[in-house]
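Taking it in order: structure first as structure tokens, then the write-up.
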Amino acid sequence: MKKSKKVLTIGDALVTMNPITKGPLRFVTHFERRAGGAELNFAIGMARLGVECKWISRLGKDEFGRAIFNFARGEGVDMTDVEFTDEYPTSLNFKQINEDGSGSTFYYRHPSPTLTMTKSLVTDDLLSDIDLIHITGVFLSINKNNIEIIETLLKKAKEFKIPVSFDPNIRLKMWTIQEARTTFERIFPYVDILLTGLDELKMITNKSTEVEFIEFVDAYGIKELVIKDGENGSKLYCNNTWYEQEAFNVNVVDTVGAGDGFDAGYIYGYLHEKEYISRLCFANGVGALVTTVSGDNEGLPYKEEVEAFVNNIQLIER
12 MKKSKKVLTI GDALVTMNPI TKGPLRFVTH FERRAGGAEL NFAIGMARLG
62 VECKWISRLG KDEFGRAIFN FARGEGVDMT DVEFTDEYPT SLNFKQINED
112 GSGSTFYYRH PSPTLTMTKS LVTDDLLSDI DLIHITGVFL SINKNNIEII
162 ETLLKKAKEF KIPVSFDPNI RLKMWTIQEA RTTFERIFPY VDILLTGLDE
212 LKMITNKSTE VEFIEFVDAY GIKELVIKDG ENGSKLYCNN TWYEQEAFNV
262 NVVDTVGAGD GFDAGYIYGY LHEKEYISRL CFANGVGALV TTVSGDNEGL
312 PYKEEVEAFV NNIQLIER
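Count along the sequence shown from 1, add 11, and you get the number used in our numbering.
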């Protein structure tokens, strides 16, 4: 009998070049090689929290692709449906980190190895033991073919009654806001949990009030609207009720990956049927801890670390 929960996510991964020094990249001369990507970060976040996560992707058959594969496998991510391709090299990005911890990302992912993926990968066996599917707008923005793959996956999820979480994760360097809106209109009817930043939600819906947000989710049948708002905390609209949770005060080093960590924390709470406020608190804790460490996923915490942090429990270091 199945005991543990299992999540599926799909998307590309990149070799991330993290700057050794802060400031504009034109003045940065040394970088550290790491692995990154929204869906990969989410998968690692789930694995560290003790939830099985299957990641579907394609990597270049090169040294960078092997580095990402070995890293993710070492973190406990299910790599069964990650394949290598000779057609395209593994994607890259270079990060710029500013003095306040904010940053910019410069992508070199065209063409992406994920261009070799087709909707034929979506099979009954793929979803046979999955409890939730998590997707993001990043994968959708890479290539129009990915929209067909995701729609096929979501239709199969609906057939299997598998809940779907979606983080729009808008990358305006990848597509326009109108292209994103048009695509998301095809995705929203399948979404059970929408995880989005407040500014992002305003961009997507062209709305700005809580009443309008409620009308938006009701129109698509979205069951849970989760709004991430950085230092202002987070909100959840569910069952005709708003829930709010304040943010944790931490020393921010790098904000990249915090949203992916929040998603992992919230989905952990959802799968383990935590109370709504407890889900937000746990997710806020994961997101906060991510910002205290430089890197896309290096700061993603283990379950016991999150629990100690949100409950203000001192862990014994030595």
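Built from N, CA and C at the ideal position, the CB exists for glycine as well.
Measuring alpha carbon to alpha carbon, tell me which of the options ends up nearest residue i.
i: His145; options: Ile204, Pro124, Asn243; result: Ile204
i: Arg37; options: Val62, Ser115, Glu74, Thr20; result: Ser115
i: Cys249; options: Leu206, Gly268, Leu19; result: Leu206
i: Ala46; options: Asn262, Thr27, Glu223, Ile55; result: Thr27
i: Asn217; options: Gly232, Phe199, Gln189; result: Gln189
i: Phe259; options: Pro30, Asn323, Pro100, Leu151; result: Asn323
i: Arg290; options: Leu247, Phe320, Asn262; result: Leu247
i: Val175; options: Tyr277, Thr302, Trp253, Pro30; result: Tyr277
i: Val304; options: Val62, Asp135, Val267, Thr96; result: Val267
Evaluate residue i with the Cβ neighbour count: other Cβ atoms within 10 Å of its Cβ, from every protein chain shown; 16 or more gives buried, anything less gives exposed.
i: Ala331; result: Since the first residue of the chain shown is 12 and the last is 329, residue 331 is not available in this structure.
i: Tyr281; result: buried
i: Asn308; result: buried
i: Met12; result: Summary for Met12: the model assigns pLDDT 46, below 50, so the residue's position carries little reliability, and this model does not support an answer.
i: Ile153; result: buried
i: Leu183; result: exposed
i: Pro312; result: buried
i: Val222; result: exposed
Per DSSP, what kind of secondary structure is residue i in: helix, strand or coil?
i: Met12; result: Residue confidence is low: Met12 scores 46 on pLDDT, short of 50, so the model does not pin down where it sits. Its coordinate-derived value is still stated next. Met12: coil per DSSP, three-state reduction.
i: Met28; result: strand
i: Leu60; result: coil
i: Lys218; result: coil
i: Ile246; result: This sequence places Lys at residue 246; Ile is not what is there. The answer is strand: DSSP assigns Lys246 an E or B state.
i: Gly47; result: strand
i: Thr252; result: strand
i: Ile198; result: helix
i: Val264; result: coil
i: Val237; result: strand
i: Val301; result: helix
i: Phe259; result: coil
i: Gly22; result: coil
i: Gly276; result: helix
To the nearest whole angstrom, what separates the beta carbons of residue i and residue j, a pair I think is in contact under 8 Å?
i: Thr40; j: Lys65; result: At roughly 39 Å, the Cβ-Cβ gap does not stay under 8 Å, so Thr40 and Lys65 are not in contact.
i: Phe293; j: Val263; result: Phe293 to Val263, Cβ: 19 Å. No contact.
Quick check for students: name the residue ranges of the beta strand (DSSP E) that lie wholly in the region 54–122, counting only runs of 3 or more. 63–71, 93–96, 102–108, 114–119
4 or more residues per run - each alpha helix (DSSP H) lying fully within the region 107–194: 148–153, 155–171
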